[in-house]
Amino acid sequence: MLIVLLSQKVLLFAILILIVYRIDYGNCNQNDNNSIHTCHYPTNFRAPQSPSYEYLYIPGDILLGGFFPIHQPPSNELGSMQCTAIKRERGIQRLEAMLFALDIVNTRSSHLMSSILSHSKIRFGALIYDSCDYEPYAVERALNMLLPSMDQCLSLQKRKDPPIIAGVIGSASSIVSMAISDILRLAEIPQISYASTSTELSEKLRFQFFSRVVPPDTYQAEAVVSIIQFLNWTYVAVIKETGSYGERLTDDFKAKLKNKTICIAGELSVNIKDSNSYLQDCVRQILNQTSSRHELLGRWVFLGTDGWGKKWYPVENFGRAAINAITLAPKLYPISGIITFDEYFKNLTPSKNTRNPWFVEYWEETYKCKFDHTPTTIFNHNYTRSCSG
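Anchor point for the sequence shown: position 171 equals 170 in numbering that gives the first Met the number 0, and the numbering is continuous, going up by one each time.
Written as structure tokens, this is what we have:
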């Protein structure tokens, strides 16, 4: 299981560089513990054709925004603008990492937190959104975060002074982080990404309120070239994702190849929303481009960047094709404290984790089961086993 860790130091950094912007939120259902609200945006505040969606609000004196790809983006094959299958790795686990870090901050359970906040009664809350890893939805959610007239969720606290948005954590993909950044900079709200690596985000004149805790792709491109040289490869084909991440990483890769004895045989662009038939055509095209090099037939080796990294789902049901594959991923460090994130996450169950509105769906997808109270969807309708937990 890939555990993606989000250090409490990242959250603290967002708090320390906060730029105040006051807002009101609303239209929530309050749960029994009187502290967590699962919110739904009013229909009249959503753009036409936009799906309804939930967000997670945890009250606090200072709020941190969060954008996580809980679900996959809309699919051309499904013919719907709804977000699709839940992401079992990059979405839910990173969201829970933020909640875990917030717990550490609020309980002062680390030496760093207790030394800085020992004389403070400030409590940090969160306003967390599902970006669906899709720019239009992320922009809409960012606008809803900023526009004070959108709803009145925070009025549940009956406070004269609403809490402030200190900063935003997110998002994962570079193209979504860029879309969010263009909105947040209007209110001068700092943004810290945990996974966006595109070199384009290093352009400080445009992204002056953006920072990240992962290295830009110039270093990744250099690592890819170093691996190719170490293996004495001289002939490669490039398959890139459309958008800033794939395009700029490819440009960085080509720049690093200058004066190197490495030939690029072909180059293809693909998108996660592309149909299976289109992707099959892409495979045929890349095979045709290299068919003249007969000595290469049957000797394909994938060298994947951090978009693949340590994740298992890119190779699920395709294990044979991934044999001998090499992938890159940033080095991760565990959070130390009273309990580790691994222990925290492994102990979560739907009955214990009521603050996360997407956890039940994650549980159903992980264990291929269905709860009696959950609606039937195209993703769980084949699950005949009843869930427990």
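Built from N, CA and C at the ideal position, the CB exists for glycine as well.
Comparing alpha-carbon positions, which option in Lys330, Pro333 and Phe301 lies nearest Gly318?
-> For Gly318, the nearest C-alpha among the options comes from Phe301.
Work out the CA separation of Leu248 and Ile121 for me, nearest whole Å.
-> The alpha-carbon atoms of Ile121 and Leu248 are separated by roughly 41 Å.
Are Thr241 and Val282 closer than 8 Å when you measure CB to CB?
-> Not closer than 8 Å, so no.
Same chain only: Cβ atoms within 6 Å of Thr42, ignoring 5 sequence neighbours per side = Unreliable positioning characterises Thr42 in this predicted model, as indicated by a pLDDT of 38, which lies under 50. The coordinate reading is nonetheless provided below. Hits under 6 Å: none found.
Alpha-carbon spacing of Asn258 relative to Ala186, whole angstroms | Those two C-alpha atoms are separated by around 45 Å.
Between Ala125 and Leu63, is the Cβ-Cβ spacing less than 8 Å?
-> A contact, by the Cβ cut-off of 8 Å.
So what does DSSP say about Phe344, is it helix, strand or coil?
-> Secondary structure of Phe344 (DSSP, three-state): helix.
Are the beta-carbon atoms belonging to Ile127 and Gly65 less than 8 Å from one another?
-> A contact, by the Cβ cut-off of 8 Å.
At 4 residues or longer, and completely inside the segment 194-231: list those alpha helix (DSSP H) runs for me, N to C.
-> Those alpha helix (DSSP H) runs which fall completely within the segment 194-231 and span 4+ residues are 216-229.
Which same chain residues, not among the five before or five after Met97, have their C-beta less than 8 Å away from its C-beta?
-> Cβ neighbours of Met97 beyond the five flanking positions: Leu5, Leu10, Leu63, Gly65, Phe67, Ala125, Ile127 and Ile168.
C-beta atoms of Ser195 and Ser176 nearer than 8 Å = Their beta carbons are under 8 Å apart, which means Ser195 touches Ser176 by this criterion.
Could you check what DSSP says for Gly25 in three-state terms: helix, strand or coil?
-> Note that Gly25 scores a pLDDT of 36, beneath 50, so its modelled location is shaky; the value from the coordinates is reported in the next line. Gly25: coil per DSSP, three-state reduction.
Name the residue from Ile182, Gly265, Pro329 and Ser350 whose alpha carbon lies nearest to the alpha carbon of Phe238.
-> The residue asked about is misnamed: residue 238 is Ile in this sequence, not Phe. Comparing Cα-Cα distances from Ile238 to each of Ile182, Gly265, Pro329 and Ser350, the minimum goes to Gly265.
Which class does Thr237 belong to by DSSP, given the choice of helix, strand or coil?
-> For the record, residue 237 in the displayed sequence is Val; it is not Thr. DSSP places Val237 in strand when its eight states are reduced to three.
Determine the direct distance from the alpha carbon of Ala178 to that of Val138, and round the result to whole angstroms.
-> Rounded to the nearest angstrom, the two C-alpha atoms are 6 Å apart.
Any chance the segment 344-351 sits against the segment 310-329, with 3 or more Cβ pairs inside 8 Å?
-> The segment 344-351, when compared against the segment 310-329, does not touch it at the 8 Å Cβ threshold.
With C-beta atoms as the reference, is Val359 less than 8 Å away from Thr348?
-> Contact flag unset, no.
Put Ile103 into one of helix, strand or coil per three-state DSSP.
-> Residue state for Ile103 is assigned as helix, using DSSP reduced to three classes.
Where does Cys262 sit, in a helix, a strand or coil, going by DSSP?
-> Cys262: strand per DSSP, three-state reduction.
Whether Ile227 touches Ile261 by CB criterion (8 Å) | The answer is yes: Cβ separation under 8 Å.
From which residue to which residue does the alpha helix (DSSP H) around Val359 run?
-> First-last of the alpha helix (DSSP H) with Val359: Phe358 to Tyr366.
Under 8 Å by Cβ, that's how I've got Ile57 and Ile163 pegged, so tell me the actual separation to the nearest angstrom.
-> That pair is no contact at about 14 Å.
In whole angstroms, what is the alpha-carbon distance linking Asn26 and Arg354?
-> Here the model assigns Asn26 a pLDDT of 42, short of 50, so the residue's position is not dependable, and the following value carries that caveat. Roughly 16 Å between the two C-alpha positions.
Local Cβ density within 10 Å of Trp362, reported as buried at 16 or more and exposed below that | Buried is the call here.
Would DSSP call Lys255 helix, strand or coil?
-> Here Lys255 sits in helix by DSSP.
Using a Cβ-Cβ cut-off of 8 Å (strictly less than) and excluding sequence neighbours within five positions of Val223, which residues of its own chain qualify?
-> The beta carbon of Val223 sits closer than 8 Å to those of Phe252, Lys255, Leu302, Thr304 and Leu327, all from its chain and outside the five residues before and after it, given in chain order.
Name the one or two DSSP bridge partners that His70 has.
-> His70 is bridged to Ile85.
Just the Cα atoms here: how many angstroms apart are Tyr180 and Ala141?
-> Note that residue 180 corresponds to Ser in the displayed sequence, not to Tyr. Their backbone Cα atoms lie some 9 Å apart in a straight line.
Out of curiosity, what's the CA-to-CA distance linking Pro225 and Leu331?
-> It should be noted that the sequence gives Ser, not Pro, for residue 225. One alpha carbon belongs to Ser225, the other to Leu331, and they sit about 21 Å apart.
Burial state of Trp232 (16 or more Cβ within 10 Å) | By the neighbour-count criterion, in which 16 or more other beta carbons inside 10 Å mark a residue as buried, Trp232 falls on the exposed side.
Residues in its own chain within less than 8 Å of Asn33 by CB, not counting five upstream and five downstream?
-> Model confidence at Asn33 stands at a pLDDT of 44, short of 50, so the residue's coordinates are unreliable and nothing is read from them.
Please list, in chain order, all residues of the same chain as Ala236 whose beta carbon is under 6 Å from its beta carbon, the five residues on each side excluded.
-> Here Ala236 has Ala264, Gly265 and Ile285 as same chain residues with Cβ atoms under 6 Å from its own Cβ, once five neighbours each way along the sequence are excluded.
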